[in-house]
Amino acid sequence: MSEPTEIDRERDYVDGLFARLDELTAEAEQRLAETRRQAVGGNHQSRSERDAYARLYEDTIATLERVGDRLVFGRLEVSEPDSDEDAFRYIGRVGLRDDDHRPLLLDWRVPGASAFYQATAAHPMGMRSRRHLTLDGRTVVGVEDEVFDAALYDDERTHLQGEGALLAAVTAERTGRMTDIVATIQAEQDRIIRSPLEGVLIVQGGPGTGKTAVALHRAAYLLYSYRERLRGSGVLMVGPSSAFLTYIEQVLPSLGETGVVMASLGSLYPGVHASTHDRRDVAAVKGSAEMASLLRRAVRSRQVVPTEPVTLDVEGERLVVPPQLVADAMKRAQDRGKPHNVARVTFNKIALDAMTRLLADQLRERGTTVDEADEKVLREDIRSSYDARVLLNTAWLPLPAEKFVEDLYARPNWLASLTPNWTPERRALLSRARGSEMTVEDVPLLDEAAELLGPFDPTGGAAKRAAKASRNRDIENARQAIENMGVEGIVTAEQVAGAFAEGGDPRTTAERAAEDREWTYGHIVVDEAQELSPMQWRVLARRNPLRSFTIVGDMAQGSSPGAARTWDDVVGALARRRRGRAPQVPIEHRIEELTVNYRTPRSIVRAAGEYAESAGLVVTRNEAVRDGDPVQRVHVPRSALLDTVAGLVDTERAGIGSGTIGVIVPEADLDAVRHRLARTEADVRTLGSPRPGSVTVLTGADAKGLEFDGVLLVDPERVGSDAARAAAAVYVAMTRPTRRLTVVDVD
Numbered sequence: 001m002s003e004p005t006e007i008d009r010e011r012d013y014v015d016g017l018f019a020r021l022d023e024l025t026a027e028a029e030q031r032l033a034e035t036r037r038q039a040v041g042g043n044h045q046s047r048s049e050r051d052a053y054a055r056l057y058e059d060t061i062a063t064l065e066r067v068g069d070r071l072v073f074g075r076l077e078v079s080e081p082d083s084d085e086d087a088f089r090y091i092g093r094v095g096l097r098d099d100d101h102r103p104l105l106l107d108w109r110v111p112g113a114s115a116f117y118q119a120t121a122a123h124p125m126g127m128r129s130r131r132h133l134t135l136d137g138r139t140v141v142g143v144e145d146e147v148f149d150a151a152l153y154d155d156e157r158t159h160l161q162g163e164g165a166l167l168a169a170v171t172a173e174r175t176g177r178m179t180d181i182v183a184t185i186q187a188e189q190d191r192i193i194r195s196p197l198e199g200v201l202i203v204q205g206g207p208g209t210g211k212t213a214v215a216l217h218r219a220a221y222l223l224y225s226y227r228e229r230l231r232g233s234g235v236l237m238v239g240p241s242s243a244f245l246t247y248i249e250q251v252l253p254s255l256g257e258t259g260v261v262m263a264s265l266g267s268l269y270p271g272v273h274a275s276t277h278d279r280r281d282v283a284a285v286k287g288s289a290e291m292a293s294l295l296r297r298a299v300r301s302r303q304v305v306p307t308e309p310v311t312l313d314v315e316g317e318r319l320v321v322p323p324q325l326v327a328d329a330m331k332r333a334q335d336r337g338k339p340h341n342v343a344r345v346t347f348n349k350i351a352l353d354a355m356t357r358l359l360a361d362q363l364r365e366r367g368t369t370v371d372e373a374d375e376k377v378l379r380e381d382i383r384s385s386y387d388a389r390v391l392l393n394t395a396w397l398p399l400p401a402e403k404f405v406e407d408l409y410a411r412p413n414w415l416a417s418l419t420p421n422w423t424p425e426r427r428a429l430l431s432r433a434r435g436s437e438m439t440v441e442d443v444p445l446l447d448e449a450a451e452l453l454g455p456f457d458p459t460g461g462a463a464k465r466a467a468k469a470s471r472n473r474d475i476e477n478a479r480q481a482i483e484n485m486g487v488e489g490i491v492t493a494e495q496v497a498g499a500f501a502e503g504g505d506p507r508t509t510a511e512r513a514a515e516d517r518e519w520t521y522g523h524i525v526v527d528e529a530q531e532l533s534p535m536q537w538r539v540l541a542r543r544n545p546l547r548s549f550t551i552v553g554d555m556a557q558g559s560s561p562g563a564a565r566t567w568d569d570v571v572g573a574l575a576r577r578r579r580g581r582a583p584q585v586p587i588e589h590r591i592e593e594l595t596v597n598y599r600t601p602r603s604i605v606r607a608a609g610e611y612a613e614s615a616g617l618v619v620t621r622n623e624a625v626r627d628g629d630p631v632q633r634v635h636v637p638r639s640a641l642l643d644t645v646a647g648l649v650d651t652e653r654a655g656i657g658s659g660t661i662g663v664i665v666p667e668a669d670l671d672a673v674r675h676r677l678a679r680t681e682a683d684v685r686t687l688g689s690p691r692p693g694s695v696t697v698l699t700g701a702d703a704k705g706l707e708f709d710g711v712l713l714v715d716p717e718r719v720g721s722d723a724a725r726a727a728a729a730v731y732v733a734m735t736r737p738t739r740r741l742t743v744v745d746v747d
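Going by the UniProt record's numbering, the first residue of the sequence shown is number 1, and it counts up by one from there.
Shown next as structure tokens:
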């Protein structure tokens with residue numbers, strides 16, 4: 001019998017890993033079934049414990065199943081192992097141990113796996129070699145070694161110096177969904193991914209350098225390495241659009257993480273999922289920092305002191321309320337610095353107390369005896385008086401954020417009173433009828449208004465009162481349980497009741513966070529960060545008071561109106577604000593650069609760079625690692641544009657096979673091009689998730705962050721004119737392909 005080959009040995013080991021994976025999955029499924037069958041009766045605490053265990057097993061099963069056939073991808077050989085069992089470290093998407101808790105497979109995020117990404121021949125980090133494993137399903141079909149120790153060279157090993165796996169990944173056809181790069185992370189990427197949690201990390205890199213992949217893998221790494229700190233608060237991942245989120249949505253689950261809240265800029269406000277953008281001039285106004293002070297003035301303007309005394313009918317008694325009484329109550333409520341709707345409760349209480357004293361004094365002047373008990377009755381009479389309710393609501397009405405912002409757009413006279421220094425033309429940009437669809441640029445204004453207004457309870461406090469009553473019942477039940485168990489002094493009834501409440505919510509941290517506008521995250525990852533306006537940064541700053549951010553982008557690609565020009569502008573937008581005129585509190589930040597372009601062929605990088613230079617655009621230079629087809633340039637008269645584009649799509653299809661094609665067009669041509677291509681192409685899309693073999697017709701703005709095997713850039717001059725920064729928009733469009741680029745100039 002012949003000696004087993006390296007592939008044979010790897011197949012045996014990997015077969016054992018998959019067997020262990022199946023064993024753990026079956027075990028978790030059995031325990032989940034047993035947990036669900038438990039009869040816990042009416043005991044609240046027992047139900048909570050059962051549900052918590054069920055959630056644990058469900059999460060475990062989901063994690064193991066999502067790994068699927070992509071469990072393991074690499075191996076390290078240790079230079080000086082403590083034993084034969086420690087000679088090799090297998091690296092995968094999750095960690096596995098045997099029944100005796102010995103490690104079989106290292107999770108790629110643990111410190112012991114870092115050498116798989118960072119070791120070199122010059123700095124082997126205690127390793128003799130690194131091996132990449134290629135699997136077809138669950139079967140090892142190839143191995144590739146990078147040898148750091150010359151003594152290991154023999155005839156059986158293949159020596160591609162690590163480029164084989166990387167180049168196979170970057171040259172593969174696009175599937176329409178981003179995949180993880182955990183098997184091919186490069187050293188500079190790994191160093192950034194494993195950076196500490198604290199402070200603001202800015203990752204700057206040109207197109208194709210793997211910024212998005214680094215951002216996603218960093219989110220997975222942080223959740224794993226700082227699990228205790230992030231378990232209760234979660235991580236927020238923000239992308240530029242819903243199409244972008246669809247493109248990346250499978251990456252984190254494939255890495256074993258489901259605890260990240262994914263949000264586009266249009267969905268940062270619970271209940272709103274905006275996808276349309278305002279015109280550039282409108283977006284520039286809405287995104288500017290001055291909108292924050294405008295909204296603050298608008299809220300204050302809804303707190304109105306009457307201009308003359310108001311007469312109330314209180315159970316037949318006429319009470320004249322002077323404006324100063326309302327003004328004093330309003331000033332005292334405002335001085336406490338609470339949001340409008342919260343401070344209104346204080347205002348009502350102070351005003352009712354003052355009106356009660358005024359009515360009591362009025363009765364005493366007529367000789368009526370009024371004691372403390374009588375004053376309580378008088379206060380209730382005033383509170384229930386129709387006239388008093390009208391007075392208080394006229395002075396300080398509770399407001400929902402959505403209606404407040406709609407009114408600001410729909411009431412030109414009110415807006416004019418708030419913006420005396422604006423031109424009529426600038427005010428007209430905000431004019432909009434009530435009931436209009438909310439845009440992406442409206443979302444930060446809604447959030448700012450909600451912050452200034454505070455919670456709005458249309459039930460008049462009924463929900464809050466019901467929650468308080470439920471809490472009181474839980475405390476009483478807990479007190480009785482403590483007495484029955486004889487554990488007085490060890491825990492309090494309030495602590496036990498709190499545990500009941502926490503365990504009673506079956507939603508995950510991510511689910512609860514996504515539905516709560518006031519939720520604060522442990523960390524926020526922002527991709528395509530160069531596009532955010534000052535108002536959008538204010539939203540994210542509220543979501544993370546500790547300012548723990550990973551900010552990923554390329555300033556040269558910024559094309560949206562009102563976006564920052566430098567990373568210093570971004571850091572300034574995130575700076576903590578003090579009250580009054582005190583200076584802002586600076587925040588710790590550091591900048592890392594990605595310098596190697598793994599995605600874009602040299603020919604396309606060169607053409608895009610030459611265009612950027614000619615347009616006066618300062619771009620981040622990077623080194624492309626592979627060659628590609630030369631860039632094609634076609635000139636066509638407008639009358640023949642649609643048929644020419646259809647013919648070029650056929651040419652692209654012949655060149656890239658079943659890969660994805662992106663047709664980037666001016667917004668005005670979007671429908672016409674899509675309809676023309678639909679006559680000859682089976683799968684023509686506008687946004688959504690492109691599938692293998694599909695053609696996606698989209699604008700330059702929608703293309704940001706996406707990638708295609710082949711790209712047709714149609715009429716770049718007009719594609720640029722759709723954006724606030726024309727050169728940046730064209731540069732972005734030119735750098736979307738991974739294989740072929742054709743530029744169609746319209747004469």
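Glycine included, each C-beta is placed from N, C-alpha and C at the ideal position.
Compute the beta-carbon to beta-carbon distance between residue i and residue j, rounded to the nearest angstrom, for a pair I have assumed lies under 8 Å.
i: residue 520; j: residue 543; result: 6 Å
i: residue 558; j: residue 531; result: 6 Å
i: residue 660; j: residue 696; result: 7 Å
i: residue 93; j: residue 75; result: At roughly 14 Å, the Cβ-Cβ gap does not stay under 8 Å, so residue 93 and residue 75 are not in contact.
i: residue 263; j: residue 238; result: 6 Å
On the CB-based measure, 16 or more other CB atoms within 10 Å of its CB, does residue i come out buried or exposed?
i: residue 741; result: buried
i: residue 622; result: buried
i: residue 227; result: exposed
i: residue 565; result: exposed
i: residue 215; result: buried
i: residue 102; result: exposed
i: residue 449; result: buried
i: residue 441; result: buried
i: residue 403; result: exposed
i: residue 417; result: exposed
i: residue 421; result: exposed
i: residue 643; result: exposed
i: residue 580; result: Annotation note: pLDDT 48 at residue 580 (below 50); position unreliable, no value reported.
i: residue 386; result: exposed
Residue i to residue j, Cα distance in whole Å?
i: residue 727; j: residue 614; result: 9 Å
i: residue 23; j: residue 654; result: 46 Å
i: residue 54; j: residue 523; result: 27 Å
i: residue 242; j: residue 270; result: 15 Å
i: residue 229; j: residue 213; result: 23 Å
i: residue 671; j: residue 683; result: 15 Å
i: residue 166; j: residue 144; result: Legend: pLDDT at residue 166 = 45, less than 50; position of this residue unreliable, value from coordinates given subsequently. Rounded to the nearest angstrom, the two C-alpha atoms are 11 Å apart.
i: residue 108; j: residue 115; result: 10 Å
i: residue 510; j: residue 236; result: 9 Å
i: residue 220; j: residue 328; result: 53 Å
i: residue 6; j: residue 96; result: 22 Å
i: residue 159; j: residue 146; result: Only weak support is given to the placement of residue 159: the predicted model assigns it a pLDDT of 42, under 50, and the value that follows is read from those uncertain coordinates. Residue 159 and residue 146: Cα-Cα distance of roughly 6 Å.
i: residue 698; j: residue 528; result: 18 Å
i: residue 574; j: residue 282; result: 23 Å
i: residue 691; j: residue 685; result: 9 Å
i: residue 401; j: residue 324; result: 29 Å
i: residue 609; j: residue 570; result: 25 Å
So, does the CB of residue i fall closer than 8 Å to a CB anywhere in chain B?
i: residue 716; result: Within the model displayed, chain B is absent; a lone protein chain is all it includes.
Quiz item: Below 8 Å, can you find three or more Cβ-Cβ pairs linking the region 625 to 636 to the region 590 to 607?
Solution: Three or more pairs of CB atoms, one per stretch, sit closer than 8 Å, so the region 625 to 636 contacts the region 590 to 607.
Quiz item: Taking one C-beta from the region 391 to 399 and one from the region 293 to 309 each time, how about it: are there three or more such pairs within less than 8 Å?
Solution: In short, these stretches touch, since the Cβ pair count reaches three.
Quiz item: Where in the region 601 to 636 do unbroken runs of the alpha helix (DSSP H), each at least 4 residues long, occur, reported from the N-terminal end onward?
Solution: Counting only runs of 4 or more residues that sit fully inside the region 601 to 636, the alpha helix (DSSP H) segments are 602 to 614, in chain order.
Quiz item: Counting Cβ pairs, one atom from each stretch, are 3 or more of them under 8 Å apart for the region 112 to 129 and the region 52 to 70?
Solution: With a cut-off of 8 Å, the region 52 to 70 and the region 112 to 129 do not count as touching, because too few Cβ pairs lie within range.
Practice problem: Would you check if there are 3 or more beta carbon pairs closer than 8 Å linking the region 306 to 313 to the region 276 to 295? | Solution: Of all C-beta pairs linking the region 306 to 313 to the region 276 to 295, fewer than three are shorter than 8 Å, placing the two stretches out of contact.
Quiz item: Can at least three beta-carbon pairs, one atom from the region 594 to 601 and one from the region 712 to 719, be found at a separation below 8 Å?
Solution: No: fewer than three Cβ pairs fall under 8 Å.
Exercise. Can you check the region 326 to 402 for any beta strand (DSSP E) of at least 3 residues that lies completely inside it and give the ranges in chain order?
Key: Listed in chain order, there is nothing to give.
Exercise. Starting from the N-terminal side, write out each stretch of the alpha helix (DSSP H) that is 4 residues or longer and does not extend beyond the region 204 to 289.
Key: For the region 204 to 289, whole alpha helix (DSSP H) runs of length 4 or above, ordered along the chain, are 211 to 225, 227 to 230, 242 to 248, 251 to 254 and 280 to 287.
Quiz item: Residue ranges of each beta strand (DSSP E) run of no fewer than 3 residues wholly in the region 503 to 571, ordered along the chain?
Solution: 523 to 526 and 549 to 553, all fully within the region 503 to 571.
Practice problem: For the region 48 to 91, list the beta strand (DSSP E) runs that are entirely contained and at least 3 residues long, ordered along the chain. | Solution: Qualifying beta strand (DSSP E) stretches, in chain order: 72 to 78.
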